[in-house]
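What follows is one structure encoded as structure tokens, with my remarks underneath.
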Amino acid sequence: MKPFYITTPIYYVNDKPHIGHAYTTILADVLARHYRNIGRDVFLLTGLDEHGQKVQQAAESRNINPKQHCDEMAPRFLKLWEKLHISYDDFIRTTEKRHTDIVKYFLQKVYDKGDIYEDSYEGLYSVSEERFITEKEAESGEFRDIKELKEKNYFFKMSKYQDKLIKHIEENPNFIQPKFRRNEVLGFLRSPLEDLCISRPKSRLSWGIEMPFDSNYITYVWFDALINYVSAIGLNSDEKKYKTFWPVNYHLIGKDILTTHSVYWPTMLMSAGIKLPKSIFAHGWWLSDQSKMSKSLGNVVDPLKLIETYGVDPVRFYLMKEMVLGQDSNFSLDSFVKCYNSDLANDFGNLLSRVTNLINKFYDGKIPTGEDNSEEGKAVKKSAKETVECVLKFIDEMKINDAINHTFKFIRELNKYLEITAPWKVIKKDMNSAGKILYTAAESLRITALILSPIMPNRTQTVFDIFHIDSREIGWGGLIAGTKIEVHKPLFPRIEINS
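In the numbering used here, the protein residues as written are 160 to 658.
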């Protein structure tokens with residue numbers, strides 16, 4: 160199987176981690192775990208963007224140097240990724256030498272090609288976004304701390320690659336996903352593309368990577384940050400690793416950084432003679448009461464508090480189930496509790512307890528022999544195989560919520576199967592037949608746990624431990640009859656909210 164490389168954005172070190180950061184990183188982790196499960200060589204990259212004006216200003220306000228400030232901020236993200244059970248393969252910080260060396264190498268390569276030139280620029284500059292903006296952008300009200308600037312800088316000939324980029328997008332329908340984001344970028348590219356200012360004079364901003372061809376300037380933070388995707392996997396330093404994983408399968412991003420990833424980044428790569436990403440996937444925002452989360456509104460959801468109260472896996476499950484990839488989704492505690500109690504406590508948790516309680520009570524805690532070959536049993540087995548096939552297809556299509564919904568449709572079928580076959584009644588007359596029903600239900604549970612393991616790695620591991628499952632073979636027949644199962648507490652105790 161081909162290797163699979165997936166990235167999150169590198170998060171701005173000055174931000175406090177919020178539900179948006181958690182969502183993107185969990186999504187990347189779910190995909191990474193899924194593809195590892197089916198045998199692919201996976202590399203999951205995440206990290207931090209540590210340069211720029213806001214970092215310098217924050218450090219100055221604390222009377223410490225910017226690197227010390229970054230070193231104190233970075234553990235917040237590492238702590239959250241640990242709590243969220245993110246199985247990243249690398250965590251890159253843009254202050255690391257392995258990154259700064261490659262940024263200089265990349266810049267020199269583009270400069271030597273003649274795609275970087277010096278020019279004076281006069282215009283509006285947004286301090287909050289750390290970039291020059293147009294009059295129209297200034298009037299939109301979306302940019303803060305705007306001031307007029309006139310200064311000499313270096314520019315990247317981004318306009319030179321406009322037609323080539325349009326052609327690539329049109330010829331590769333999956334390059335930008337979902338489709339409506341692709342159309343959005345093509346719409347943006349209908350207007351003439353301006354060249355990109357890629358430097359800041361040290362007299363104004365000193366915290367950044369020095370330009371390799373002019374020590375009076377540092378690199379624009381976006382030109383620096385985007386290069387992390389190739390510096391982390393060994394561009395110009397580890398040829399074997401780089402050739403194994405590049406081009407990336409997915410850059411996962413929020414829709415707010417679509418232009419930088421689908422216009423700046425591809426044109427930079429074209430100039431440097433590097434293959435373009437296979438796909439850039441922009442997901443929506445998590446809203447609170449239909450409003451974008453913001454500090455000023457006080458509606459930012461803290462993922463650490465959420466997982467401390469309700470557990471990691473239920474939070475991972477809810478975030479994956481409730482957002483259709485590409486669209487915005489509304490977060491509310493009420494919908495979280497309803498989702499938990501309905502899907503996890505009632506459907507999945509109760510099914511597990513039902514099956515294991517009967518095995519422990521009537522079969523000395525040992526998995527019964529054989530499988531149910533009645534019409535109902537055959538239907539369950541067929542449905543299990545179809546569920547696996549559908550889930551694999553949905554995940555390949557980046558339809559995580561559809562994969563979850565299909566899996567829970569199967570779980571509800573299993574509950575119905577037990578209601579119809581009623582093994583607790585059959586036991587009184589025919590222990591052998593009842594055992595076959597319970598084996599079929601337990602084996603279906605094993606397959607369900609495997610499907611859900613990328614989303615809920617801890618709770619599904621509990622299921623594997625209960626049944627003493629070592630194999631991760633997703634085909635039917637993995638349970639070993641006669642295996643002693645473990646007595647367990649409820650997998651998902653109901654959440655009771657006091658009104």
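A virtual CB, placed ideally from N, CA and C, is assigned to each residue, including glycine. Please read all numbers here as calculations on a predicted model, not as lab measurements.
By the criterion of a C-beta distance shorter than 6 Å, K434 is surrounded in its chain by P406, once the five residues flanking it on both sides are discounted. When C-beta atoms of the stretch 481-494 are compared with those of the stretch 588-602, fewer than three pairs fall below 8 Å, so the two segments do not count as touching. Under the DSSP definition of a beta bridge, R221 lacks any partner. Each of R340, L266, S318, L352 was checked against the Cα of S390, and the nearest Cα belongs to L266.
At the C-beta level, I606 and V547 come within 8 Å of one another.
Here the alpha carbons of K175 and K238 stand approximately 12 Å from one another. Here P168 is buried. Its C-beta has 16 or more other C-beta atoms within 10 Å.
For F339, the enclosing alpha helix (DSSP H) stretches over residues 338-347. With the rule of 3 Cβ pairs closer than 8 Å, the stretch 627-642 does not count as touching the stretch 566-582.
Between P473 and H244 a beta carbon distance of about 12 Å is seen, past the 8 Å cut, so the two are scored as non-contacting. Per DSSP, D472 is one residue of the alpha helix (DSSP H) stretching across 471-481.
Around the beta carbon of A187, 16 or more other beta carbons lie within 10 angstroms, which makes this residue buried.
M429 is classed as buried because its beta carbon has at least 16 other beta carbons within 10 Å across all chains shown. Counting every other CB atom within 10 Å of its CB across the protein chains shown gives D383 a total of 16 or more, marking it as buried. For S358, there is no enclosing alpha helix (DSSP H); the enclosing beta strand (DSSP E) has its first and last residue at 358-360. Leaving aside the five residues that flank G524 on each side, the residues in its chain whose CB is nearer than 7 Å to its CB run, in chain order, I518, K643, I644. Closest option to S318, judged by alpha-carbon separation, among V422, K414, E294: V422.
Rounded to whole angstroms, G393 and I335 show a C-alpha spacing of 25 Å. Annotated three-state conformation of N532 is coil, per DSSP.
Cβ-Cβ distances below 7 Å link E369 to I377 in the same chain, with the five nearest sequence neighbours on each side left out; the list follows chain order. Excluding residues up to 5 positions away in sequence, H193, A562 lie with their Cβ nearer than 6 Å to the Cβ of I554 in the same chain.
Approximately 5 Å separates the beta-carbon atoms of N408 and K437; this is inside 8 Å, confirming the contact. Between I570 and A640, the CB-CB gap reaches or exceeds 8 Å.
With a threshold of 16 other beta carbon atoms within 10 Å, Y276 falls short and is exposed. Per DSSP, the beta bridge partners of E281 are K309.
Nearest to K497 by C-alpha distance, out of E398, D322, E655, is E655. Here S220 is exposed, its C-beta having fewer than 16 other C-beta atoms within 10 Å. DSSP assignment within the stretch 194-218 yields the following whole beta strand (DSSP E) runs of 3 residues or more, N-terminal first: 201-208. Contact annotation: L478 and F651 have beta-carbon atoms that are not nearer than 8 Å. Contact between the stretch 576-596 and the stretch 532-541 is present, with at least three C-beta pairs closer than 8 Å. Put simply, the backbone Cα of K326 is about 50 Å away from that of T468. The count of Cβ pairs closer than 8 Å, one atom from the stretch 413-420 and one from the stretch 279-296, stays below three, leaving the stretches out of contact.
DSSP, reduced to helix, strand and coil, places K643 within a strand of the structure shown.
In terms of Cα proximity to C356, the closest of M427, T515, W445 is M427. Judged by pairs of C-beta atoms under 8 Å, the stretch 342-352 does not touch the stretch 303-313, as fewer than three such pairs exist. Taking the C-beta atoms as reference points, P225 is found nearer than 8 Å to Q215.
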